[in-house]
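Engineer:
Protein chains in written order, with the working numbering: chain H, 364 to 680; chain Z, 62 to 348; chain W, 4 to 491; chain C, 42 to 437.
1. Run through DSSP, which three-state label would residue 126 (chain C) get?
2. Tell me, please, whether the CB atom of residue 68 (chain C) is closer than 7 Å to any CB atom in chain H?
3. For residue 422 (chain H), go through chain Z and note every residue whose CB falls closer than 9 Å to its CB, in chain order.
4. Could you tell me the distance, in whole angstroms, from the CA atom of residue 72 (chain W) to the CA atom of residue 212 (chain Z)?
5. Measure the Cβ-Cβ separation of residue 197 (chain C) and residue 426 (chain C) and say whether it is below 7 Å.
6. Residues of chain Z with CB under 9 Å from residue 343 (chain W), in chain order?
7. Consult DSSP for residue 442 (chain H) and reduce its assignment to one of helix, strand or coil.
8. Taking residue 169 (chain Z) as the reference, give the member of Z:226, Z:106, Z:139 and Z:120 with the closest Cα.
9. By Cβ distance, which residues of its chain are closer than 7 Å to residue 94 (chain Z), with the 5 residues on each side in sequence left out?
10. Under three-state DSSP, which class holds residue 473 (chain W)?
11. Who are residue 321 (chain C)'s beta bridge partners in DSSP?
12. Residue 278 (chain W) to residue 267 (chain W), Cα distance in whole Å?
13. Might you give, ordered along the chain, the residues of its own chain that have their beta carbon closer than 7 Å to the beta carbon of residue 256 (chain C), omitting 5 neighbours on each side?
14. Is there a Cβ from chain C that is less than 7 Å from the Cβ of residue 203 (chain Z)?
15. Quick one: what's got a C-beta closer than 6 Å to residue 243 (chain C)'s C-beta in the same chain, skipping five residues either side?
16. Below 7 Å between beta carbons is the criterion; list the residues of the stretch 295–327 of chain Z that meet it against any residue of chain W, in chain order.
17. For residue 79 (chain C), name the three-state secondary structure that DSSP assigns.
18. For residue 271 (chain Z), which residues from the same chain have a beta carbon less than 7 Å from its beta carbon, with the 5 sequence-adjacent residues on both sides left out?
19. What's the gap between the Cα of residue 369 (chain W) and the Cα of residue 411 (chain W)?
20. So who's on the other strand from residue 84 (chain W), going by DSSP bridges?
21. Taking 7 Å as the limit between beta carbons, can you name the residues of its chain near residue 280 (chain C), skipping five residues before and five after?
22. Can you give me the C-alpha to C-alpha distance between residue 70 (chain Z) and residue 310 (chain Z), rounded to a whole angstrom?
23. Since residue 309 (chain W) and residue 339 (chain W) are thought to touch, with beta carbons under 8 Å apart, how far apart are those beta carbons, to the nearest angstrom?
24. Mind checking whether residue 234 (chain Z) and residue 353 (chain W) have CB atoms under 7 Å apart?
25. Using a C-beta to C-beta distance shorter than 9 Å, which residues of chain Z count as neighbours of residue 428 (chain H)?
26. Quick one: what does DSSP say residue 203 (chain W) is sitting in, helix, strand or coil?
27. With residue 68 (chain Z) as the anchor, note down where its beta strand (DSSP E) starts and where it stops.
28. So what's residue 417 (chain W) in DSSP terms, helix, strand or just coil?
29. So, for residue 474 (chain W): in the same chain, excluding its five sequence neighbours on each side, which residues have a beta-carbon less than 6 Å away from its beta-carbon?
30. Determine, using beta carbons only, whether residue 108 (chain C) comes closer than 7 Å to chain H.
31. I want to know whether the stretch 393–406 of chain C touches the stretch 284–304 of chain C - three or more CB-CB distances under 8 Å.
32. In the DSSP assignment, the beta strand (DSSP E) including residue 266 (chain W) goes from what residue to what residue?
33. Under 7 Å between the Cβ atoms of residue 78 (chain W) and residue 54 (chain W)?
34. If I measure Cβ to Cβ from residue 413 (chain C) and keep anything under 6 Å in the same chain, skipping five residues before and after, which residues do I get?
35. Counting contacts by CB-CB distance shorter than 7 Å, is residue 440 (chain H) in contact with chain W?
36. Does DSSP put residue 371 (chain C) in a helix, in a strand, or in coil?
Here it is in structure tokens:
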């Protein structure tokens, strides 16, 4: 299907794909046959958040750029598709507009963002993210403010949405893993390891980071569009920084390197969270506790741990 | 109109001083312990609820004002000692840990105190308005204003004159060299974390009567404090002070003239500062 | 054809002038060594040329094209290759990936997205040339220190630079590695213009066509290696000034008692995987001034920092007044009576002179008080309210010494107190050390200004390649030093 | 990869399948006992947690009265947290419908949640009884035959206040509302009646939801010197506004004529005596002298202590409607059209007086009262000052 991908890369990708992931993938693709209704709904949600988490994992684990503002991309994508549909544009166009808007935002903020480094980047992404949140929240005329934006009549069946979301996720993971093998991806990893050195080799690190950020933005924006179609509703709450923190939890829980971990983390988190929040309204306690435990005791995340325990893939990272 | 502007200026300044209390703690902690404490707003909430409980139990706001920061500070010390120290030098992990901690504290508070809005009356002696001829203004914000300025001067004095203050500044500048001069950086860092969280707790006690106490305030306060230090410059108390004033005034007048866009104005201010001076208005360039 | 031209470049850091009006012209294909004592401005010069630092004044031309103020990645793309003082590789990538990345950065193929990073003939060739073919698949982080240097050189070479800057490529290497990498550099393609900063003067002089000598941020001599070697001014710079040797005292043990203050046995230390010190033995007795000599990069600073507890001890033992220090933290050592006058003085940003002194005096008891220190350093009394960072180099040094004295230490560790100071200031520092000696203080003095060190020392150690290679009295030391430093 | 891995794969697959089976299994058991499952979606966390709690209290209070029985079947409540987030509401509603197979839905604090779930509920044909969300649209342009509102619409609650305030409180009024749909609709409704009666708004200010500081607004009120302030605020916003209003001493010169939300008993508890004298319009008053109200207050006091409030009434009445309709159809929830007809024709004797569903809009037609904050029997609550009549939402 992707003729331009050299055979070697494809082989590499297959080799790196542990049985656990393959088994999981089959299950997820077959999910519409096995389960319906709410479970399928959650599975689709997990796939969409998986896409956003994978993008963050690419940015954080491989690009070394800590972002606590991913909710902005998600929200921009969601509003973009919602408003496009409201304006009567065809869905396909809306699905193009969403990542484009998120990428544009990434470009504009990135130009400011990468003037600083490290923890400052984290704080700035957070601040910019909250800025988008406050705009979405207050700009009633366009976003519907606190009342949100209802999407009507997208006519997408849950099965189609699920397969679409999952397909996107798989494409994103495959594409990003290939990208990480390419000179661009390796250079990005090199910048994370030693930016000064890479710059002294003649690489304009600023632009490499910027493009990684823009790419992440586009992917997350696409995920956001998916979430909007999936829920048929866009709420400014999704832009609040807790969503960014949640994505961070998903990534760290699964493991920030190798991208599989992030997808796994999103799946795990979505189901556990849905389950826990039926029992108690104190689920922040649960998310927070999980975050603390992960940081203290499972630095690599659960996916590498699982892989080692169960055998199979030889180091997917 | 002039009266309106004056009233709003005082309002803004009072809120600015509350922000200063928070930003000061955040800034001190970052300077010495190198931790961006995103649980800061949660410590604020903790202080506010403890203040409420103590004020009711002891029947004395002033005693609560004294005891609560102590308690919150002790908790801060414990957090530094048992959770953060093991992650020394790993900024990202520390930040994530404080995020988690913030969620946990906020949710525990909700579990214990419920989600109802609590409003704490100011102490009787500061209740109600002050009449200045035709001009009428509540006493409590004036108290907050005075407290903030006094604290700013006091902290400056402490940092400038006392051995502990000089040690704090030395550790901020060069922890290794400080330790070669017999200053124990770990202990200074621990104490500073305690002082920083105590300031957040104090902010909670002081802030509760000024603005109400409701779930979700923790994230809001953390964010405000963060914006203030980003604008003012991280790790400098002057930065926290002037940054808080700037944010307070922009927020206050923004609310007055463009209520819907107030928060957006603050972020725009921040983006502007960053574009022109990434290290903050009074910040030093960070390598 | 001029490959590199530096015109009237100046650069200051706070109150300290690192470069003042440097001129440099390097012809295509030339081998140029830039030498000079520590703090002379060599690294700053390299940073200015490579674009890492912007000069305050002056211009830099690369192959006739002005590159002043361009970001370093642009300068690199214009043909400037560079290795760093501390080896700097990409630890998580494979060795060949390091080189291939460098290659593609130079050929502009880094922006390829759709196919994996691949090796090519040139990459293989360079790996072969530097002798890393066998380790191509290993992650760079797993290489030994010497191999990392080789890799770094390979990364520079594969870019086919017009001009190559090598910043102390032999620093911190052991004998065999030194030999291997020395040969590698000597064997570089004669078409590449090479600038070398190296403290191993013998090697530098052997390598270079021409030599530039920097001192106090200025070019003090330039010429072919022989002329520079014979230049008395250069010899003076290296051996230093600061006063004549005193006549040997009647009693060879001097005024020093026999009580041992510091005892170091088999000390091993380094950074990360890099071993800088490999079994150092020395002792210091009460009331003695012991000089620790050695060229730069031989581990003097590492030794003093290890003694102070700022660099972890990896082996051996250190005893202060008979008490083993083990892995005590620096502040505990300070409480036990160690004080450090650090290299580079390390003033605290934001503190003024008085605060620096009060910080040090806090909790310390003994003859040295702030008042007394200010009597000894009247200049500091005048400037007590000035921010310490804004002081001149000499004044900062006074603060650093005063700070250490205020700890009332049983042993004072002084690390390069004359670095970057004018001859007048050097003499003042020497005078201070002599005063301390008269007061009965015990001092371990690491110095590259040999003359100054010898004029105050009771005993001398020479540190080379991570170990003590010579021990003796000051009046025997000059010859040993000249031989070891300059190969004279 | 080998045999072992395939076996593990199969195991994992079985596990997941097992999960799906077990949830259906539990469903099968449930059906034998045949309780009627009502999914309740309310905010139990976030800024509206107190509302969710009070509505739930009211619901349970009524269900206890009928012993959790309706139409001969047991009633089971399945509560889910709306988290004050419409996206969550959507997810929780789907969970209740698809996983827990509820027969009916009730609750919904936020109008945005109501809009968010509207299409889903409509398409799945699950009857929903809205017990709080007040946006007019829910029973106007976006109404659905499956959605009933037993609480009140923003228009209904605030329109009658306009003429009353103009006549009894003052003509120069400062309008203040939260910047979201409810605030805007409420203000628009008030203005409609107020302008028609010769009122003169001196300013109209909207503030963002969840403000921590109202001093800017209060400064403007002080500068504008109106006779009264009409405010539509809820939750923490109401508390903060009221407290600062008193702190600034404005209660000495300016009257308050506000939405019932602002002087809700929960809010009053937090404000204290400073609120005494504030007037408001609402569909329930503590001092309403009817037997249903007396019975409700007695039961509430007995079970929970303290003063009830209009949220508890809304929960109580939502269940009263549901139980009434279920009784009408003898518990046959499978017959949707009968059930919907029963809802449309429902009339109840509520603590707030006589309430009936308007079959055209599915919205409750009811009395609206003018009230005043007072201390009664030692507790802070509202007392009745005027009955503004029976109000029906026009439905467009």
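The beta carbon of each residue, even a glycine, is placed where N, CA and C say it ideally should be.
Structural biologist: According to the data block:
1. Along the fourth chain, one-based indexing puts residue 126 (chain C) at 85. Correct three-state label for residue 126 (chain C): coil.
2. Along the fourth chain, one-based indexing puts residue 68 (chain C) at 27. Since pLDDT at residue 68 (chain C) reaches only 43, below the 50 mark, its modelled position is unreliable, and the value read off the structure follows with that caveat. No, no contact with chain H.
3. Position 59 of the first chain holds residue 422 (chain H). Those do not exist, as residue 422 (chain H) stays about 12 Å from chain Z at its closest Cβ, beyond 9 Å.
4. The residue given as residue 72 (chain W) occupies position 69 in the third chain. The residue given as residue 212 (chain Z) occupies position 151 in the second chain. The straight-line gap from Cα to Cα measures roughly 45 Å.
5. Against the fourth chain, residue 197 (chain C) aligns to sequence position 156. Against the fourth chain, residue 426 (chain C) aligns to sequence position 385. For residue 197 (chain C) and residue 426 (chain C), no; Cβs fall outside 7 Å.
6. One-based indexing of the third chain puts residue 343 (chain W) at position 340. Under the 9 Å cutoff, chain Z gives 238, 241 and 242.
7. What you label residue 442 (chain H) is simply residue 79 of the first chain in a count that begins at 1. Residue 442 (chain H): helix per DSSP, three-state reduction.
8. What you label residue 169 (chain Z) is simply residue 108 of the second chain in a count that begins at 1. The shortest C-alpha separation from residue 169 (chain Z) is found at Z:106.
9. By 1-based counting over the second chain, the position of residue 94 (chain Z) is 33. These residues qualify, in order along the chain: 141, 250, 253 and 254.
10. In the third chain, the residue the question calls residue 473 (chain W) occupies position 470. The answer is strand: DSSP assigns residue 473 (chain W) an E or B state.
11. In the fourth chain, the residue the question calls residue 321 (chain C) occupies position 280. Within the DSSP bridge table, the entry for residue 321 (chain C) names C:299 and C:412 as partners.
12. Residue mapping note: residue 278 (chain W) aligns to position 275 of the third chain, counting from 1. Residue mapping note: residue 267 (chain W) aligns to position 264 of the third chain, counting from 1. One C-alpha to the other measures close to 17 Å.
13. Translated into the one-based positions of the fourth chain, residue 256 (chain C) becomes position 215. In the same chain as residue 256 (chain C), and ignoring 5 residues on each side of it, the C-beta atoms closer than 7 Å to its own belong to 285, in chain order.
14. If you number the second chain from 1, residue 203 (chain Z) lands on position 142. No - not a single Cβ of chain C is within 7 Å of the one on residue 203 (chain Z).
15. Within the fourth chain, the letter at position 202 stands for residue 243 (chain C). Hits under 6 Å: 213, 215, 265 and 267.
16. none
17. Mapped onto the fourth chain, residue 79 (chain C) falls at position 38. DSSP places residue 79 (chain C) in strand when its eight states are reduced to three.
18. To locate residue 271 (chain Z), count along the second chain from 1; it is residue 210. Within the same chain, residue 271 (chain Z) has close Cβ partners 75, 79, 201, 202 and 205.
19. As a working note, residue 369 (chain W) is residue 366 in the third chain. As a working note, residue 411 (chain W) is residue 408 in the third chain. When rounded, the distance between both Cα atoms is 6 Å.
20. As a working note, residue 84 (chain W) is residue 81 in the third chain. Bridge partners of residue 84 (chain W): W:167.
21. In the fourth chain, counting from the first residue as 1, residue 280 (chain C) sits at position 239. Excluding sequence neighbours, residue 280 (chain C) sits near 308, 311 and 312.
22. On the second chain, position 9 is the one that residue 70 (chain Z) refers to. On the second chain, position 249 is the one that residue 310 (chain Z) refers to. Our two residues, residue 70 (chain Z) and residue 310 (chain Z), have alpha carbons roughly 7 Å apart in a direct line.
23. Within the third chain, numbered from 1, the residue matching residue 309 (chain W) stands at position 306. Within the third chain, numbered from 1, the residue matching residue 339 (chain W) stands at position 336. That belief does not hold up - the Cβ atoms of residue 309 (chain W) and residue 339 (chain W) are roughly 15 Å apart, past 8 Å.
24. By one-based count along the second chain, residue 234 (chain Z) stands at place 173. By one-based count along the third chain, residue 353 (chain W) stands at place 350. Yes, they are a contact pair.
25. The sequence position of residue 428 (chain H) within the first chain is 65, counting from 1. The contacting residues do not exist; residue 428 (chain H) stays about 11 Å from chain Z at best.
26. Here residue 203 (chain W) is taken as the residue at index 200 of the third chain, counted from 1. Residue 203 (chain W): coil per DSSP, three-state reduction.
27. As a first step, residue 68 (chain Z) is located in the second chain; it is residue number 7 there, counting from the start. Per DSSP, residue 68 (chain Z) belongs to no beta strand (DSSP E); it is in the alpha helix (DSSP H), 63–94.
28. Residue 417 (chain W) sits at position 414 when you count from the first residue of the third chain. Strand at residue 417 (chain W).
29. Position 471 of the third chain, counting from 1, holds the residue named residue 474 (chain W). Excluding sequence neighbours, residue 474 (chain W) sits near 464.
30. As a working note, residue 108 (chain C) is residue 67 in the fourth chain. No, its Cβ sits nowhere closer than 7 Å to a Cβ of chain H.
31. no
32. In the third chain, residue 266 (chain W) corresponds to position 263, counting from 1. 263–274 is the span of the beta strand (DSSP E), which, as asked, contains residue 266 (chain W).
33. Within the third chain, the letter at position 75 stands for residue 78 (chain W). Within the third chain, the letter at position 51 stands for residue 54 (chain W). Yes, these two residues count as a Cβ contact at 7 Å.
34. On the fourth chain, position 372 is the one that residue 413 (chain C) refers to. These residues qualify, in order along the chain: 320, 424 and 426.
35. As a working mapping, residue 440 (chain H) is identified with position 77 in the first chain. With 7 Å as the cut-off, residue 440 (chain H) does not count as an interface residue toward chain W.
36. Along the fourth chain, one-based indexing puts residue 371 (chain C) at 330. Residue 371 (chain C) falls in the coil class under three-state DSSP.
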